[in-house]
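If you read the sequence shown in numbering that gives the first Met the number 0, its first letter stands for residue 0, the second for the next number, and so on. The beta carbon of each residue, even a glycine, is placed where N, CA and C say it ideally should be. What follows is a set of notes on a single structure, which appears directly below.
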Amino acid sequence: MRRAAIVIVTYRRQGLLAELLDSVLGLTVAPWRVVVVDNENSAETARIVADFAARSDALWGVCEDDPDAAGGTSRAVYVGMETNTGGSGGFSEGVRRAFDLGAEWFWVMDDDVAVEPDGLETLARWSEEAEAVMGQRRDFDGGHFFWQHRFWPRLAIYNPLSRDAWRPGERYKLANALCFEGGFFSRGVVEKIGLPDARFFIYLDDAIYGYLASKVTPVYYVPDYVLSRRREVANQSVGSVRQLNSTSDMTRYYITRNRGHLARYFMLHGEYSPLGFALGTALTFAKELIRIAVVDREHLVSGMRRLVAGHRDARKILHDPSWEPMPPLA
0 MRRAAIVIVT YRRQGLLAEL LDSVLGLTVA PWRVVVVDNE NSAETARIVA DFAARSDALW
60 GVCEDDPDAA GGTSRAVYVG METNTGGSGG FSEGVRRAFD LGAEWFWVMD DDVAVEPDGL
120 ETLARWSEEA EAVMGQRRDF DGGHFFWQHR FWPRLAIYNP LSRDAWRPGE RYKLANALCF
180 EGGFFSRGVV EKIGLPDARF FIYLDDAIYG YLASKVTPVY YVPDYVLSRR REVANQSVGS
240 VRQLNSTSDM TRYYITRNRG HLARYFMLHG EYSPLGFALG TALTFAKELI RIAVVDREHL
300 VSGMRRLVAG HRDARKILHD PSWEPMPPLA
């Protein structure tokens with residue numbers, strides 16, 4: 000594995016970002032670049048990244064024999080955004096910047112995680128047989144974090160029946176989604192499907208990116224832990240391994256609004272079903288209403304309003320004649 004870039008998107012969480020960068024310094028394999036996209040464009044964040052650059056270059060050395068396309072040799076790259084583009088815009092810009100610099104692999108993550116010391120080394124082994132890999136995550140309490148690795152395109156929802164347990168001898172599961180909380184993919188994937196779609200702002204941008212990746216290469220979901228979540232989120236357990244996490248009204252809006260973008264991508268691949276999509280929308284509303292009732296009761300009225308507003312805008316996207324997918328970069 001050559002030229003692996005870690006792409007981090009941050010916004011007003013300097014303490015968590017500093018902890019993440021500290022964990023990066025503990026990696027058993029040095030990343031070629033660490034690209035930090037700052038949606039706040041904060042002087043404090045820039046200082047944290049500059050400090051990390053000095054420490055990482057001292058620890059691993061600068062890349063004098065392997066400069067990037069801009070002639071840089073430091074392992075850290077700070078990208079301050081003029082406006083807050085959300086996680087989607089941040090990952091789109093971060094992958095673009097790393098791609099333009101010459102990265103061959105991209106390990107993407109939010110600022111509220113920490114990498115496992117052998118995380119990149121583990122992914123490097125998987126890179127010998129797969130171009131897109133999703134590793135396991137530990138939750139903030141140290142337990143296993145459940146992730147649904149299969150998506151139902153015709154309903155445009157995560158498959159609620161997907162298994163997260165591992166059978167003896169099962170090396171990996173084939174996924175058709177990714178998560179930008181630890182997703183790992185090659186330059187070849189980016190060349191074929193383009194950058195993450197910044198129009199999502201937040202939510203489901205990673206699911207559709209994994210779906211598109213699965214159209215050009217097998218996406219591996221592997222049993223190895225590569226990072227852990229660091230931010231505690233209010234939640235309610237659902238069964239033995241699943242849970243409903245608290246969320247914001249802003250996120251509720253994008254949960255329903257971004258279904259419009261999902262539908263447009265599924266149309267391109269012949270997997271859009273008007274009836275199935277309507278059923279999936281109803282199931283999405285039901286799940287979000289349960290979430291509000293169980294963990295976000297104080298947002299009953301405001302949350303419902305944002306769900307409806309998002310659905311209304313999703314219909315506009317669904318019928319927008321100017322809509323185009325993200326172009327490939329090859």
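Task: the stretch 185 to 194 touching the stretch 247 to 254, judged by at least three CB pairs closer than 8 angstroms - done: no
Task: TYR208 - DSSP class collapsed to helix/strand/coil - done: helix
- [ ] Check LEU226 in the structure and name its three-state DSSP category.
- [x] strand
Open item on the list: Threshold first: 3 residues or longer. Then list the beta strand (DSSP E) segments lying entirely within the stretch 54 to 81, N to C.
Closed with: 75 to 79
Task: Neighbourhood of THR44 by C-beta distance below 7 angstroms, restricted to the same chain and skipping five residues each side - done: THR9, GLN13, LEU16 and ASP37
Open item on the list: Do GLY25 and VAL107 have their beta-carbon atoms positioned less than 9 angstroms apart in this structure?
Closed with: no
TODO: Determine the extent of the beta strand (DSSP E) in which ASP110 is found, giving its start and end residues.
DONE: Element bounds for ASP110: n/a, residue is neither H nor E.
Open item on the list: Given a cut-off of 9 angstroms on the beta-carbon distance, is the pair LEU173 and TYR219 in contact?
Closed with: yes
Open item on the list: So, with DSSP's three-state summary, where would you put GLN13?
Closed with: helix
Open item on the list: Suppose the cutoff is 7 angstroms on Cβ atoms and the five residues either side in sequence are ignored; what does the same chain contact list for ASP117 look like?
Closed with: THR27
Task: Rounded separation between ASP295 and VAL112 - CA only - done: 24 angstroms
Task: Cα-Cα separation between MET266 and GLY259, rounded to whole angstroms - done: 11 angstroms
Task: TRP322 beta carbon near the ligand MN (any heavy atom closer than 8 angstroms) - done: The ligand MN is absent from the structure shown, which contains no ligands of any kind.
Task: Cβ separation of ARG2 and GLU103, assumed to be a contact under 8 angstroms, to the nearest whole Å - done: 4 angstroms
Open item on the list: Rounding to the nearest angstrom, what Cα-Cα distance links PRO327 and ALA285 in this structure?
Closed with: 36 angstroms
TODO: Use the C-beta contact count for THR82: other C-beta atoms within 10 angstroms, 16 or more gives buried, fewer gives exposed.
DONE: exposed
Task: SER239 to TYR202 span [Cα, whole Å] - done: Per-residue confidence for SER239 stands at a pLDDT of 49, beneath the threshold of 50, marking its modelled position as unreliable; no derived number is given.
Open item on the list: Along the chain, where does the alpha helix (DSSP H) containing SER185 start, and where does it finish?
Closed with: Where SER185 is concerned, there is no enclosing alpha helix (DSSP H), although the beta strand (DSSP E) it sits in stretches over 182 to 185.
Task: Cβ neighbours of LYS214 in the same chain (closer than 8 angstroms, five flanking residues each side left out) - done: ILE192 and HIS268
TODO: Go through its chain and collect everything with a Cβ distance to VAL94's Cβ below 8 angstroms, but skip five positions before and after it.
DONE: VAL6, PHE105, VAL107, VAL189, LEU194 and PRO195
Open item on the list: Give the list of continuous beta strand (DSSP E) stretches no shorter than 3 residues that lie fully inside the stretch 235 to 313.
Closed with: 241 to 244
Open item on the list: Taking a contact to mean a Cβ-Cβ separation below 9 angstroms, would you say SER126 touches GLY79 in this structure?
Closed with: no
Task: Enclosing alpha helix (DSSP H) for ARG96 [first to last residue] - done: 85 to 100
TODO: List the residues that DSSP assigns as beta-bridge partners of GLN346.
DONE: Nothing can be reported for residue 346, as the shown portion of the chain is limited to 0 through 329.
- [ ] Check whether the Cβ atoms of PHE200 and GLY88 sit closer than 9 angstroms, and answer yes or no.
- [x] yes
Task: First through last residue of the beta strand (DSSP E) which encompasses ARG334 - done: There is simply no residue 334 to check, as the chain begins at 0 and stops at 329 in what is shown.
Open item on the list: Considering only their Cβ atoms, is the gap separating LEU261 from ILE207 smaller than 9 angstroms?
Closed with: yes
TODO: Specify, as a first and last residue, the run of the alpha helix (DSSP H) that LEU173 falls within.
DONE: LEU173 -> not in any alpha helix (DSSP H); beta strand (DSSP E) instead, spanning 172 to 174.
Open item on the list: Applying the 10 Å Cβ sphere with the 16-neighbour rule, what's the burial state of ALA281?
Closed with: exposed
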